[in-house]
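Reading through the structure tokens given below for one structure.
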Amino acid sequence: MAGAPVLEVRGLSKRFADRAGREPASWVIKDLSFAVDEGEFLTIIGPSGSGKTTLLNVLAQIETASAGELFFQSRTTPVDDAKSLKPGLSCRIGYVTQEDNLLPWRTTLQNVLFPLLVQRRLDSETRARAQSLIRAVGLSGFENHYPHELSGGMRKRASLIRTLVYDPPVILMDEPFGALDAQTRAQLQEDLLRLWSLGRKTIVFVTHDIAEAIALGDRTLVLSRSPATLAGEHTNPIPRPRDIRGIMTHPQFAALYQRIRGEVQ
Numbered sequence: 004m005a006g007a008p009v010l011e012v013r014g015l016s017k018r019f020a021d022r023a024g025r026e027p028a029s030w031v032i033k034d035l036s037f038a039v040d041e042g043e044f045l046t047i048i049g050p051s052g053s054g055k056t057t058l059l060n061v062l063a064q065i066e067t068a069s070a071g072e073l074f075f076q077s078r079t080t081p082v083d084d085a086k087s088l089k090p091g092l093s094c095r096i097g098y099v100t101q102e103d104n105l106l107p108w109r110t111t112l113q114n115v116l117f118p119l120l121v122q123r124r125l126d127s128e129t130r131a132r133a134q135s136l137i138r139a140v141g142l143s144g145f146e147n148h149y150p151h152e153l154s155g156g157m158r159k160r161a162s163l164i165r166t167l168v169y170d171p172p173v174i175l176m177d178e179p180f181g182a183l184d185a186q187t188r189a190q191l192q193e194d195l196l197r198l199w200s201l202g203r204k205t206i207v208f209v210t211h212d213i214a215e216a217i218a219l220g221d222r223t224l225v226l227s228r229s230p231a232t233l234a235g236e237h238t239n240p241i242p243r244p245r246d247i248r249g250i251m252t253h254p255q256f257a258a259l260y261q262r263i264r265g266e267v268q
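Following this line, the structure appears as structure tokens:
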């Protein structure tokens, strides 16, 4: 029998307050429920403005919800009281945003080590892990380069392993590869799947690209237009390991793509 989900959302709703009475309150998410199993790679897709980023912000404990419940490792986590929020749940939830947010005055290695430094966990073992991750994503030789000396793809790699290095059990990713060219994006998708297969972290990955959602995910949730609710759920039948660059030629890709596309539209 499967164990309890590592992350569970029940009846989550979020609305933004009106502006001094000039506009009615706007619901962004309404009665959304889903669960994520330990080690699962969950992708979430939905129309633009459907509240995907807002959802991740609530899961990351950096934004409140208006109603609903959030459970992390079977324990209730406050969502409606700003004073009770714990951003990142004491480093148990990592968050890779659309921007790389590298500190411009720190080198690649210093940026990757920064979370460990803040958490007072920087020692020979964690430093060795950081070096291993740097090698795994092809950044060897660039440890002493500053962010402005790196390409966009290299900055994204540094941002990704900066989160992986402190080993959070859950990682949220908000369209991290959206602004990159197709070739760099495919390479980063391959890097991500390789790193995920090594540690099997639980990942919740938001994207607007259906092909990316299929290429990466064990399961894909489709959100409706705002206010977001669950419009569809699809278990991915394409076996792993996957050929990212040739995923569209897989016999089961087209049918899954069309089902998701129909719900997104």
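According to our numbering, the sequence shown is numbered sequentially starting from 4.
Even glycine gets a Cβ: it sits at the ideal position worked out from N, Cα and C.
The Cβ-Cβ distance between Q101 and Y169 does not fall below 8 Å.
The C-beta of K33 has 16 or more other C-beta atoms within 10 Å across all chains shown, which makes the residue buried. Sequence-distant partners of T166 (beyond 5 residues in either direction) whose C-beta falls short of 8 Å from its own C-beta, in its chain, are G97, Y98, V99, P118, I174. DSSP, read as helix, strand or coil, puts W108 in coil. At least 8 Å separates the beta-carbon of Y149 from that of I217. Here the alpha carbon of V12 sits roughly 30 Å from the alpha carbon of I250. Counting along the chain, K159 sits inside the alpha helix (DSSP H) bounded by residues 155 to 167. When the alpha-carbon of G220 is set against those of A231, R228, R245, G202, the nearest one is in R245. In the three-state scheme derived from DSSP, where H, G and I count as helix and E and B as strand, S87 is classed as helix. A straight line joining the alpha-carbon of L58 with that of S135 spans about 32 Å.
R138: member of the alpha helix (DSSP H) spanning 127 to 139, first to last residue. DSSP, reduced to helix, strand and coil, places R124 outside both helices and strands of the structure shown, so it counts as coil. For D177, the uninterrupted beta strand (DSSP E) segment begins and ends at 173 to 177. When C-beta atoms of the segment 58 to 68 are compared with those of the segment 78 to 97, three or more pairs fall below 8 Å, so the two segments count as touching. Per DSSP, G265 is one residue of the alpha helix (DSSP H) stretching across 256 to 267.
Note on geometry: alpha-carbon atoms of Q186 and K89 lie some 37 Å from one another. Annotation: G54 to T79 spans about 22 Å, alpha carbon to alpha carbon.
By the beta-carbon neighbour count (other beta carbons within 10 angstroms, threshold 16), K86 is exposed.
For K55, the enclosing alpha helix (DSSP H) starts and ends at 55 to 62. In the DSSP assignment, T187 falls outside any beta strand (DSSP E) and within the unbroken alpha helix (DSSP H) covering 185 to 202.
By a beta-carbon distance limit of 8 Å, T223 contacts I263. Their separation comes to about 6 Å. Per the C-alpha coordinates, the member of S36, V9, L10, R18 positioned closest to E236 is S36. Nearest to T46 by C-alpha distance, out of E266, G156, Q76, F208, is F208. Taking S16 as reference, the option from N239, T110, I164, S69 with the minimal CA-CA separation is S69. In this structure, the beta-carbon distance from T238 to E43 does not fall below 8 Å. Taking 8 Å as the cut-off, the beta carbon of F19 is found closer than this to the beta carbon of V31. Annotation for A38: the continuous beta strand (DSSP E) segment containing it runs 29 to 39.
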